[in-house]
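Listed in order, the protein sequences are those of chains P and S.
If you read the first sequence in full-length UniProt numbering, its first letter stands for residue 1, the second for the next number, and so on.
If you read the second sequence in full-length UniProt numbering, its first letter stands for residue 1, the second for the next number, and so on.
Protein chains: 2
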Amino acid sequence: MSRSVNGLSGAGEWHVLEKMLPDFCGKRVLDLGCGYGWHCRYAIEHGAIACTGIDTSEKMLKQAHRQNASFWTEYRCMAIEDFEFEPETYDVVISSLAFHYIESFGDLYTRIYRSLTPGGAFVFSIEHPVYTASGSQQWITDENGKKLHWPVDRYFDEGKRDAIFLGQHVTKYHRTLTTVINGVIAAGFTLTGLAEPEPEKALLETVPGMIDETRRPAMLIVSAIKNR
Amino acid sequence: MSRSVNGLSGAGEWHVLEKMLPDFCGKRVLDLGCGYGWHCRYAIEHGAIACTGIDTSEKMLKQAHRQNASFWTEYRCMAIEDFEFEPETYDVVISSLAFHYIESFGDLYTRIYRSLTPGGAFVFSIEHPVYTASGSQQWITDENGKKLHWPVDRYFDEGKRDAIFLGQHVTKYHRTLTTVINGVIAAGFTLTGLAEPEPEKALLETVPGMIDETRRPAMLIVSAIKNR
Numbered sequence: 001m002s003r004s005v006n007g008l009s010g011a012g013e014w015h016v017l018e019k020m021l022p023d024f025c026g027k028r029v030l031d032l033g034c035g036y037g038w039h040c041r042y043a044i045e046h047g048a049i050a051c052t053g054i055d056t057s058e059k060m061l062k063q064a065h066r067q068n069a070s071f072w073t074e075y076r077c078m079a080i081e082d083f084e085f086e087p088e089t090y091d092v093v094i095s096s097l098a099f100h101y102i103e104s105f106g107d108l109y110t111r112i113y114r115s116l117t118p119g120g121a122f123v124f125s126i127e128h129p130v131y132t133a134s135g136s137q138q139w140i141t142d143e144n145g146k147k148l149h150w151p152v153d154r155y156f157d158e159g160k161r162d163a164i165f166l167g168q169h170v171t172k173y174h175r176t177l178t179t180v181i182n183g184v185i186a187a188g189f190t191l192t193g194l195a196e197p198e199p200e201k202a203l204l205e206t207v208p209g210m211i212d213e214t215r216r217p218a219m220l221i222v223s224a225i226k227n228r
Numbered sequence: 001m002s003r004s005v006n007g008l009s010g011a012g013e014w015h016v017l018e019k020m021l022p023d024f025c026g027k028r029v030l031d032l033g034c035g036y037g038w039h040c041r042y043a044i045e046h047g048a049i050a051c052t053g054i055d056t057s058e059k060m061l062k063q064a065h066r067q068n069a070s071f072w073t074e075y076r077c078m079a080i081e082d083f084e085f086e087p088e089t090y091d092v093v094i095s096s097l098a099f100h101y102i103e104s105f106g107d108l109y110t111r112i113y114r115s116l117t118p119g120g121a122f123v124f125s126i127e128h129p130v131y132t133a134s135g136s137q138q139w140i141t142d143e144n145g146k147k148l149h150w151p152v153d154r155y156f157d158e159g160k161r162d163a164i165f166l167g168q169h170v171t172k173y174h175r176t177l178t179t180v181i182n183g184v185i186a187a188g189f190t191l192t193g194l195a196e197p198e199p200e201k202a203l204l205e206t207v208p209g210m211i212d213e214t215r216r217p218a219m220l221i222v223s224a225i226k227n228r
């Protein structure tokens, strides 16, 4: 399975994420920010008995219905913040590169925790605080366009950022590592893993510019469980 | 109690660290990289029944003997890597801003885990990967010396860095967040907290340049326990 979110999939997100995902067999799954539904499909193909995918993009969900539908999959067009997290309803909650689009983080982790069954798993990826801090998400270059370094600034100033992706302005929300990680612990979860995906070695040699992905972290993957 | 390590204490390390420390009452404590022995003294003053502080600096230990000695405190001049971590010997292991000086990290966490009694606490601070990655630990400035941003580079290239501190070259070792955090989990610990200290508000107004400490994280504090 391949996925392309933010052009970062080449940095090996899926490769690492897959290793951190729990056994889906017989599980009820919730995918927060499901996009085209690739993870919902993956869950069902790996034995999940139900998967709910939510996303704000009607366009993406249309594609999800077309490409990644199943009898056991339900797609809903809504914001993560507006989702009613019913208690002990899901065995697995996943989210891939969606949380940095959420303005009001608030008690999100607590709501996810509540909606999980005891022993349930929570696995998510998010753009790295190093990646989101300064805002524009652009390398500092010299006059010849050579990438000198990645800028970090406004680190403790959490909130809205105006990022530039493929020439387009995109609104994202920066949060510190403390908010992202300690928030998971504070909600009651036991952290089971943390990873910062790097480009696979083969890609370094074949994909131009991929070497720059070794110079700063682009995303963070976190896995946790709700204790029984 | 005040402490000044790397000039970073102003960024509120102690303020945050203190909140993350366990109850020392009746505990046997090990301090890795104890420096002047302030934390050993703190542990004893807060009820610890024994404290071993180790450090490679004879000069610092001399001062520790002079200022922070007690009947229950033992200082030993040796490298953290060379310490024999006897099984289930300590109830608390602490380390303040020392791990980024260790060349061979290896199985350090596992050795600390083994040396703790069940339920034992492990709390440490380390220079932040954002702070250590590029190497020189200097702001990027414009021609007038104005601080433009903090550079991140070579993030996934772990190892030796030639840092500049007060005009002196100092050897440090950069490690990714994954190595620092996931290593703790992989060693068997349950993570109980993670914090990135920020300057206290009062200092922002009174100490020149302190505002820059809000622009990038300088250190990371991690607390964990060995399950019973």
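C-beta atoms are modelled at their ideal positions from N, C-alpha and C, and glycine is treated no differently.
Just to make sure I have the definition right: I need the residues of chain S whose C-beta is within less than 7 Å of the C-beta of residue i. Which are they?
i, result
"P:His149", "Ser134, Pro151, Val152, Asp153"
"P:Thr190", "Thr190"
To the nearest angstrom, report how far apart residue i and residue j are at their CA atoms.
i, j, result
"S:Arg114", "S:Val92", "12 Å"
"P:Thr52", "P:Ile140", "41 Å"
"S:His149", "P:His149", "10 Å"
"P:Thr176", "P:Glu158", "7 Å"
"P:Gly26", "P:Gly209", "41 Å"
"P:Phe24", "P:Gly106", "28 Å"
"P:Thr206", "P:Asp212", "13 Å"
"S:Met219", "S:Ile126", "6 Å"
"P:His128", "S:Arg216", "14 Å"
"S:Leu97", "P:Leu116", "37 Å"
"P:Thr132", "S:Ala48", "42 Å"
"S:Asp162", "S:Ile80", "21 Å"
"S:Glu74", "P:Ile112", "47 Å"
"S:Arg76", "S:Ile44", "17 Å"
"P:Gln63", "P:Glu13", "22 Å"
"P:Ile54", "P:Ser134", "29 Å"
"S:Leu17", "P:Gln138", "34 Å"
"P:Gln67", "P:Tyr42", "12 Å"
"P:Phe124", "S:Ile94", "30 Å"
"S:Lys19", "S:Ala69", "24 Å"
"S:Gly120", "S:Asn227", "8 Å"
"P:Tyr36", "P:Trp72", "16 Å"
"S:Leu8", "P:Asp153", "Since pLDDT at S:Leu8 reaches only 45, below the 50 mark, its modelled position is unreliable, and no value is offered."
"P:His174", "P:Leu204", "28 Å"
"S:Ile102", "S:Met78", "12 Å"
"P:His65", "P:His46", "19 Å"
"P:Glu196", "P:Glu143", "31 Å"
"S:Tyr155", "P:Cys40", "32 Å"
What does residue i pair with, by DSSP beta-bridge criteria?
i, result
"P:Pro151", "S:Pro151"
"P:Ile225", "P:Ala121, P:Thr190"
"S:Leu220", "S:Ile126"
"P:Leu17", "According to DSSP, P:Leu17 bridges with nothing at all."
"P:Arg161", "P:Lys172"
"P:Leu116", "P:Tyr90"
"S:Ala195", "S:Ile221"
"S:Ser134", "S:Ser134 pairs with nothing; no bridge assigned."
"P:Ser70", "For P:Ser70, which the question treats as bridged, DSSP gives no partner whatsoever."
"S:Thr141", "S:Lys147"
"P:Ser104", "In DSSP, P:Ser104 forms no bridge with anything."
List the residues of chain P that residue i touches, going by C-beta distances under 7 Å, in chain order.
i, result
"S:Gly193", "Asn182, Ile185"
"S:Val130", "Val130, Val152"
The beta strand (DSSP E) that contains residue i, what's its start and end?
i, result
"P:Leu74", "The sequence shown places Glu at residue 74 of chain P, rather than the Leu named in the question. Counting along the chain, the beta strand (DSSP E) containing P:Glu74 begins and ends at 73 to 77."
"S:Thr89", "Looking at the DSSP string, S:Thr89 is not in any beta strand (DSSP E), and its letter there is neither H nor E."
"P:Arg28", "28 to 32"
"S:Leu184", "It is worth fixing the name first, because residue 184 of chain S is Val in this sequence and not Leu. Note, S:Val184: premise wrong, no beta strand (DSSP E); alpha helix (DSSP H) at 183 to 186."
"P:Gln168", "168 to 174"
"S:Ala202", "Run containing S:Ala202: none in the beta strand (DSSP E); it sits in the alpha helix (DSSP H), 201 to 206."
Give me the chain P residues within the contact set of residue i, using Cβ-Cβ distance strictly less than 8 Å, ordered along the chain.
i, result
"residue 311 of chain S", "Here chain S covers residues 1 to 228 and nothing more, so residue 311 of chain S does not appear."
Interface residues of chain S around residue i at Cβ under 8 Å?
i, result
"P:Leu177", "Leu177, Leu194, Glu196, Pro217, Leu220"
What residue range is occupied by the uninterrupted alpha helix (DSSP H) comprising residue i?
i, result
"S:Glu213", "No alpha helix (DSSP H) contains S:Glu213, which DSSP labels as neither H nor E."
"S:Cys51", "No alpha helix (DSSP H) contains S:Cys51, which is instead part of the beta strand (DSSP E) from 50 to 55."
"P:Lys62", "58 to 67"
"S:Ile44", "38 to 45"
I'd like to confirm something about residue i: is its beta-carbon nearer than 7 Å to some heavy atom of the ligand ADP, or not?
i, result
"P:Phe165", "This structure does not include the ligand ADP; it has no bound ligands of any sort."
Under 8 Å: do the segment 28 to 39 of chain P and the segment 68 to 87 of chain P share three or more Cβ pairs, one atom per stretch?
Put simply, the segment 28 to 39 of chain P touches the segment 68 to 87 of chain P. At least three CB pairs are less than 8 Å apart.
Between the segment 150 to 169 of chain S and the segment 180 to 187 of chain P, do three or more beta carbon pairs fall short of 8 Å?
By the Cβ rule, the segment 150 to 169 of chain S does not count as touching the segment 180 to 187 of chain P, because fewer than three pairs are nearer than 8 Å.
Flag this pair as touching only if the segment 54 to 63 of chain S and the segment 215 to 224 of chain P have three or more C-beta atom pairs under 8 Å; answer yes or no.
These segments do not touch.
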